[in-house]
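Participant:
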Amino acid sequence: MTSLNILNLVLFILMTNTQAKLINRKNEIKVGDELDKNDATVVQDENQMVRPRRSLVSPKTIPGCYKQFVAGNQPPSGFRLDHTNIMYICQQVPDDPTKTFFYSTMFDVGYGIPIYSAYVVSKADASKIGTITRKDLGAEKWRQEAASDLTYDPQKTYDKGHLLPAQTYSFTKPHILSTFTYTNAVPQVSGFNTGQWRQYENKIREYATSECSPKGGDLYLITGISEVNLQQKAGKLEAIQKIPLQDLGAKTAPKVSIPRSMWTAGCCIVSSVGAVGSFAVIGNNLKTTKVESLKMTELQDFLLIGVHGFGGTDIKLFPANPKCSDPVKNVNLNKRKAT
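Residues -20 to -1, 1 to 319 (mature numbering (1 follows the signal peptide of the UniProt record, and there is no 0)) are what the sequence shown spells out, left to right.
Right, here's the structure in full:
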């Protein structure tokens, strides 16, 4: 065999391997829908997510559209040192002629689930919560991006747990529809989802409508997952990292990681004065669990324990607004009504 033939053979093998990686990645991330010329992204390398809709997906780097949903246009920091498997998603809905972006999601391709979704209840939208209900949508249809209906069915232990709750974004039909994507969902124990977690989602909406909005504030919210389990020890709440995470998904269904715990952080910001109130909650992803209301700094410390070994040296949820972490601004959600 001549040297030229050997070179051609090597090039052929390299190209075949690359194509195989792309096909595997497509099969792993995308289920059911086909791409067309209107999709915002195409597969360019083995880390590129295939998405059958027009949401803007940026691998490794944060696009401008992503930053509008985080306070001060500065996204949370410290969750990862290596961003190879991270996608930054500006969430949209299919066939929306306005091409509106509704919220931002940091998505981990390795986990197959989002790390967090960041969203805003503006002072103008707070009074519109509840305008649209799930019944108005008819049969719920989840956009099968990353996971699949087969991932969750037929088991009954885990719900498709919204990070950004549908009810919180019930201002308009496009808003609520934007939440029904598997890039905004994680396996959440059903009893946790419909129990205390739902009560705290109600408390947060009550704070948005009765306190933050009347003050002229916009409520910036981040809901995410963690690798820690919480436990009480000598009357003190502690967090313990438990990795690797377990997977959900039987046989050939796309497998996704099951969070150990879930959390939400919020900061009410009035443009003229800055942060006027903030809160943080976290709870184990278990059937019988207590959601803990705690200080922002405590939540950030717990989340840092969760990413030990692959995260940064500290986690900042609202890096552009240090007052969001000021204990003086703390809102005790335990005292609020779960309407």
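All residues carry an ideal CB built from backbone N, CA and C; glycine is no exception.
(1) Within the continuous beta strand (DSSP E) that includes Asp62, where are the two ends?
(2) Say whether the segment 107 to 127 touches the segment 198 to 211, bearing in mind that this needs 3 or more beta-carbon pairs closer than 8 angstroms, one atom from each stretch.
(3) Assign Lys79 to one of two classes, buried (16 or more other C-beta atoms within 10 Å of its C-beta) or exposed (fewer than that).
(4) When you compare only the Cα positions, how much space is there between Ser84 and Gln54?
(5) Using DSSP's beta-bridge definition, name the partner residues of Tyr99.
(6) Kindly list the residues whose CB is nearer than 8 angstroms to the CB of Val271, restricted to its own chain and excluding five residues on each side of it in sequence; keep chain order.
(7) If we count Cβ pairs, one from each stretch, closer than 8 angstroms, do we get three or more for the segment 34 to 51 versus the segment 65 to 75?
(8) Determine the burial state of Lys136: buried for a count of at least 16 other Cβ atoms within 10 Å of its Cβ, exposed for fewer.
(9) So within the segment 73 to 148, which uninterrupted beta strand (DSSP E) runs reach at least 3 residues, ignoring any that extend past its ends?
(10) Under the assumption that Asn301 contacts Ala98 (Cβ atoms under 8 angstroms), give the Cβ distance between them as a whole number of angstroms.
(11) If you follow the beta strand (DSSP E) that Ser252 is part of, which residue opens it and which one closes it?
(12) Let's test the definition: count the other Cβ atoms within 10 Å of the Cβ of residue 321 and tell me whether it reaches 16, buried, or not, exposed.
(13) If I follow the unbroken beta strand (DSSP E) through Ile66, where does it start and stop?
(14) Grouping DSSP H, G and I as helix and E and B as strand, with all else coil, what is Thr161?
(15) If you follow the beta strand (DSSP E) that Lys216 is part of, which residue opens it and which one closes it?
(16) Please state whether DSSP places Asp227 in a helix, a strand or coil.
(17) Between Leu291 and Phe59, what straight-line distance do the alpha-carbon atoms span, to the nearest angstrom?
(18) Just to confirm, is the Cβ distance from Pro307 to Lys267 under 8 angstroms?
(19) Sort out for me which residues DSSP pairs Ile262 with in a bridge.
(20) For Ala255, which option in Phe172, Tyr138, Gly196 and Leu61 has the closest C-alpha, if you only look at C-alpha atoms?
(21) Are Thr161 and Trp122 closer than 8 angstroms when you measure CB to CB?
(22) Is the Cβ-Cβ distance between Trp243 and Leu199 less than 8 angstroms?
(23) Use the C-beta contact count for Gly118: other C-beta atoms within 10 angstroms, 16 or more gives buried, fewer gives exposed.
(24) Quick check on DSSP: helix, strand or coil for Ser35?
(25) For Thr194, which of Met86, Leu297, Lys115 and Val101 has the nearest alpha-carbon?
(26) For Val(-11), which residues of its own chain have a beta-carbon under 6 angstroms away from its beta-carbon, when the five flanking residues on both sides are left out?
(27) Would you mind working out which of Tyr138, Thr113 and Val166 sits nearest Thr148, comparing C-alpha positions?
(28) With a threshold of 7 angstroms on Cβ separation, who are the neighbours of Pro65 within its own chain once the five nearest residues in sequence on each side are excluded?
(29) With a threshold of 16 other CB atoms inside 10 Å of the CB of Thr293, please say whether the residue is buried or exposed.
(30) Using the Cα positions of Phe246 and Leu228, report the straight-line distance between them to the nearest angstrom.
(31) Nearest to Leu283 by CA position, among Ile238, Leu144, Ile95 and Ser170, is which residue?
(32) Quick check on Pro239: buried or exposed, where buried means 16 or more other Cβ atoms within 10 Å of its Cβ?
Facilitator: In brief:
(1) In the sequence shown, residue 62 corresponds to position 82, counting from 1. Segment: none, Asp62 is in no beta strand (DSSP E) and carries neither H nor E.
(2) no
(3) Position 99 of the sequence shown holds residue 79. Exposed: under 16 other Cβ atoms inside 10 Å.
(4) By one-based count along the sequence shown, residue 84 stands at place 104. By one-based count along the sequence shown, residue 54 stands at place 74. For Ser84 and Gln54, the distance between alpha carbons rounds to 12 angstroms.
(5) The residue you call residue 99 lines up with position 119 of the sequence shown. Note: Tyr99 sits in a beta bridge opposite Leu201.
(6) Against the sequence shown, residue 271 aligns to sequence position 291. Cβ neighbours of Val271 beyond the five flanking positions: Gln176, Trp177, Gln179, Tyr180, Val261, Ile262 and Gly263.
(7) yes
(8) Looking up residue 136 in the sequence shown gives position 156. When all chains shown are included, Lys136 counts as exposed.
(9) 83 to 88, 93 to 101 and 138 to 142
(10) Locating residue 301 in the sequence shown gives position 321, where the first residue counts as 1. Locating residue 98 in the sequence shown gives position 118, where the first residue counts as 1. In this structure, Asn301 and Ala98 do not form a Cβ contact; the two beta carbons are roughly 13 angstroms apart against a cut-off of 8 angstroms.
(11) Position 272 of the sequence shown holds residue 252. Taken as a continuous stretch (DSSP letters only), Ser252 belongs to no beta strand (DSSP E), as it is neither H nor E.
(12) Residue 321 cannot be examined here, being either before or after the span of the chain that is shown, -20 to 319.
(13) Working through the sequence shown from its first residue, we reach residue 66 at position 86. Taken as a continuous stretch (DSSP letters only), the beta strand (DSSP E) holding Ile66 covers Ile66 to Gln71.
(14) For the purposes of this step, residue 161 is taken as the residue at position 181 of the sequence shown. Looking at Thr161 - three-state DSSP - the assignment turns out to be strand.
(15) Locating residue 216 in the sequence shown gives position 236, where the first residue counts as 1. Its beta strand (DSSP E) spans residues Lys216 to Gln221.
(16) By one-based count along the sequence shown, residue 227 stands at place 247. When secondary structure is reduced to three states using DSSP, Asp227 falls in the strand class.
(17) Position 311 of the sequence shown holds residue 291. Position 79 of the sequence shown holds residue 59. The identity of residue 291 in the sequence shown is Gly, whereas the question assumes Leu. Looking at the two C-alpha atoms, the distance is approximately 5 angstroms.
(18) One-based indexing of the sequence shown puts residue 307 at position 327. One-based indexing of the sequence shown puts residue 267 at position 287. No, they are not a contact pair.
(19) By 1-based counting over the sequence shown, the position of residue 262 is 282. Answer is Trp243 and Glu272.
(20) In the sequence shown, residue 255 corresponds to position 275, counting from 1. Nearest option by C-alpha distance: Gly196.
(21) Here the question's residue 161 lines up with position 181 in the sequence shown. Here the question's residue 122 lines up with position 142 in the sequence shown. Closer than 8 angstroms, so yes.
(22) Walking along the sequence shown from the start, residue 243 turns up at place 263. Walking along the sequence shown from the start, residue 199 turns up at place 219. Not closer than 8 angstroms, so no.
(23) For this step, residue 118 is matched to residue 138 along the sequence shown. Counting Cβ neighbours within 10 Å, Gly118 comes out exposed, since fewer than 16 surround it.
(24) Stepping through the sequence shown from its first residue, residue 35 is reached at position 55. Coil.
(25) As a working mapping, residue 194 is identified with position 214 in the sequence shown. The question names Thr, but residue 194 is Pro in the sequence shown. For Pro194, the nearest C-alpha among the options comes from Val101.
(26) Residue -11 sits at position 10 when you count from the first residue of the sequence shown. Note that Val(-11) has pLDDT 37, beneath the 50 cutoff, so the model's placement of it is unreliable and the number below is only indicative. Correct list: empty, nothing qualifies.
(27) The residue given as residue 148 occupies position 168 in the sequence shown. If we check each option's Cα against that of Thr148, Thr113 comes out closest.
(28) Looking up residue 65 in the sequence shown gives position 85. Checking the sequence, you will find Asn at residue 65 rather than Pro. Counting only Cβ-Cβ distances below 7 angstroms, and skipping sequence neighbours, we find Asn27, Asp88, Val89 and Gly90.
(29) Along the sequence shown, one-based indexing puts residue 293 at 313. Label assigned to Thr293: exposed.
(30) On the sequence shown, residue 246 is found 266 positions in, with the first residue counted as 1. On the sequence shown, residue 228 is found 248 positions in, with the first residue counted as 1. For the record, residue 246 in the displayed sequence is Gly; it is not Phe. So the two alpha carbons sit approximately 29 angstroms from each other.
(31) Position 303 of the sequence shown, counting from 1, holds the residue named residue 283. Minimum Cα distance to Leu283 is reached at Ile95.
(32) Within the sequence shown, the letter at position 259 stands for residue 239. Result: buried.
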